[in-house]
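Before any comments, here is the structure.
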Amino acid sequence: METYRIGTAWVTGFVFGSLVLIAILDFACELAHVPSISYRVERWSRSNRWFAGGLILALGVFLAHFLLNPLPPPSLGS
Amino acid sequence: MKDWIHFLVHAALPLVIAAFGVVLVRTILEDTPTNCTYRVAYLPAPWLVAAGIGALILGRLLSLLNAPVPFATSLRADRVSGLVAALGWLSLMVMLTGILFYEAIGTAHVSVTPLGSAEYEPITYYVRCAIYEDRASNGVGWVTLLVVSIVCFLVGHWLWALHPGLRAIAIRPAEETSIE
């Protein structure tokens, strides 16, 4: 696992960086008194139900792959 | 009052997420992993799933603190919003493609150095190794618990929010629509 530190730091930085950007955008919506991200997402989902369902399925597969994958690290697996 | 609490939570969120992210990245960079061996006792952890579900519901309920305010939208604003949404989805798909590409490199164990002394690892193993490290250091996995809770809280608030006012109205052309 020689790349653990830099790899994990990149993954964490990417995830939290994205969350910060979205949180700033959501706060800007609140300040400007315009519909928030969650309002827009909900409206969009209601008019694109099948597409929204497909995206939820895709995101679920990603999360399950990253967090529920039972495989051991390759160097120790067999 | 409820509207103010909602406003304060939204104002604090970027700062809290950024601060926690910086602390987390610094901790990871200073950490030397010694517990990345496969441990059945560490994962799966049911309470992490329970915490995630609880945080998801809390994030959903946060929307109820927002006092009903009539948000009037215009046709032009909806067009701009649609363009931003399309660009957002495009960015997300490009990022996911990049993530999957890195995952493929990691799975193939491509060498980092010309001598082949180190190999890229799949993101899955980074995540699992971080959880092993956390649980090995304190037993419970407090940092993992916090990360799962924060991420699920945000997902619950942004993607599964509770807007009874929005449900009451039908989807109509933008110039007629006033979202409560």
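Residue numbers (the working numbering), protein chains in the order written: chain A, 1 to 78; chain B, 1001 to 1180.
Glycine included, C-beta positions come from ideal geometry on N, C-alpha and C.
Treat the numbers as computed from the prediction; the structure is a model and nothing was measured.
Is residue i close to chain B? Criterion is C-beta to C-beta, closer than 8 Å.
{"i": "ARG49 (chain A)", "result": "no"}
{"i": "GLY53 (chain A)", "result": "no"}
{"i": "LEU19 (chain A)", "result": "yes"}
{"i": "ALA64 (chain A)", "result": "no"}
{"i": "VAL41 (chain A)", "result": "yes"}
{"i": "ALA32 (chain A)", "result": "no"}
Hey, would you say residue i sits closer than 8 Å to residue j, going by beta carbons?
{"i": "VAL11 (chain A)", "j": "TYR1126 (chain B)", "result": "yes"}
{"i": "GLY1156 (chain B)", "j": "ALA1055 (chain B)", "result": "yes"}
{"i": "GLY1106 (chain B)", "j": "ILE1123 (chain B)", "result": "yes"}
{"i": "VAL41 (chain A)", "j": "TRP1089 (chain B)", "result": "no"}
{"i": "GLY1098 (chain B)", "j": "VAL20 (chain A)", "result": "no"}
{"i": "LEU1058 (chain B)", "j": "HIS1006 (chain B)", "result": "no"}
{"i": "ALA1018 (chain B)", "j": "THR8 (chain A)", "result": "no"}
{"i": "VAL1009 (chain B)", "j": "LEU1048 (chain B)", "result": "no"}
{"i": "ARG13 (chain A)", "j": "VAL1023 (chain B)", "result": "Correcting the residue type first, residue 13 (chain A) is Gly in the shown sequence and not Arg. No."}
{"i": "PRO1014 (chain B)", "j": "PHE27 (chain A)", "result": "yes"}
{"i": "VAL1110 (chain B)", "j": "GLU1121 (chain B)", "result": "no"}
Which term fits residue i, buried or exposed, when burial requires 16 or more other beta carbons within 10 angstroms of its beta carbon?
{"i": "SER38 (chain A)", "result": "buried"}
{"i": "ILE1028 (chain B)", "result": "buried"}
{"i": "LEU1092 (chain B)", "result": "exposed"}
{"i": "SER47 (chain A)", "result": "exposed"}
{"i": "VAL1143 (chain B)", "result": "buried"}
{"i": "ALA1161 (chain B)", "result": "buried"}
{"i": "LEU1030 (chain B)", "result": "One detail in the question is off: residue 1030 (chain B) reads as Glu in this sequence, not Leu. It counts as exposed."}
{"i": "ASP1003 (chain B)", "result": "exposed"}
{"i": "GLY60 (chain A)", "result": "exposed"}
{"i": "LEU1154 (chain B)", "result": "buried"}
{"i": "GLY53 (chain A)", "result": "exposed"}
{"i": "ARG49 (chain A)", "result": "exposed"}
Measuring alpha carbon to alpha carbon, tell me which residue in the options is nearest residue i.
{"i": "SER1149 (chain B)", "options": "B:GLY1106, B:VAL1080, B:ARG1060 and B:TRP1004", "result": "B:ARG1060"}
{"i": "ALA32 (chain A)", "options": "B:ALA1077, B:TRP1047 and B:LEU1048", "result": "B:ALA1077"}
{"i": "ALA23 (chain A)", "options": "B:VAL1151, B:TRP1047, B:GLU1119 and B:LEU1087", "result": "B:VAL1151"}
{"i": "ARG5 (chain A)", "options": "B:VAL1049, B:ALA1019 and B:PRO1033", "result": "B:PRO1033"}
{"i": "HIS1163 (chain B)", "options": "A:SER36, A:ALA52 and A:THR3", "result": "A:SER36"}
{"i": "ARG43 (chain A)", "options": "B:ALA1045, B:PRO1046 and B:GLY1082", "result": "B:GLY1082"}
Step through the CB atoms of chain A and report whether any lies within less than 8 Å of the CB of residue i.
{"i": "ALA1011 (chain B)", "result": "yes"}
{"i": "LEU1061 (chain B)", "result": "no"}
{"i": "TRP1158 (chain B)", "result": "yes"}
{"i": "PHE1101 (chain B)", "result": "no"}
{"i": "ALA1018 (chain B)", "result": "yes"}
{"i": "GLY1054 (chain B)", "result": "no"}
{"i": "VAL1025 (chain B)", "result": "yes"}
{"i": "PHE1007 (chain B)", "result": "yes"}
{"i": "PRO1014 (chain B)", "result": "yes"}
{"i": "GLY1141 (chain B)", "result": "no"}
{"i": "LEU1029 (chain B)", "result": "yes"}
{"i": "LEU1154 (chain B)", "result": "yes"}
{"i": "PRO1046 (chain B)", "result": "no"}
{"i": "SER1081 (chain B)", "result": "yes"}
(request) With 7 Å as the C-beta to C-beta threshold (strictly closer), list the residues of the segment 1120–1134 of chain B near chain A in chain order. (result) Close to chain A, meaning a Cβ-Cβ distance shorter than 7 Å, are the following residues of the segment 1120–1134 of chain B: TYR1120, GLU1121, ILE1123, THR1124, TYR1125, TYR1126, VAL1127, CYS1129 and ALA1130.
(message) Please identify, using Cβ separations under 7 Å, the residues of the segment 2–15 of chain A that lie next to chain B, in order along the chain.
(response) Per Cβ criterion, the list reads GLU2, THR3, TYR4, ARG5, GLY7, THR8, ALA9, VAL11, THR12 and GLY13.
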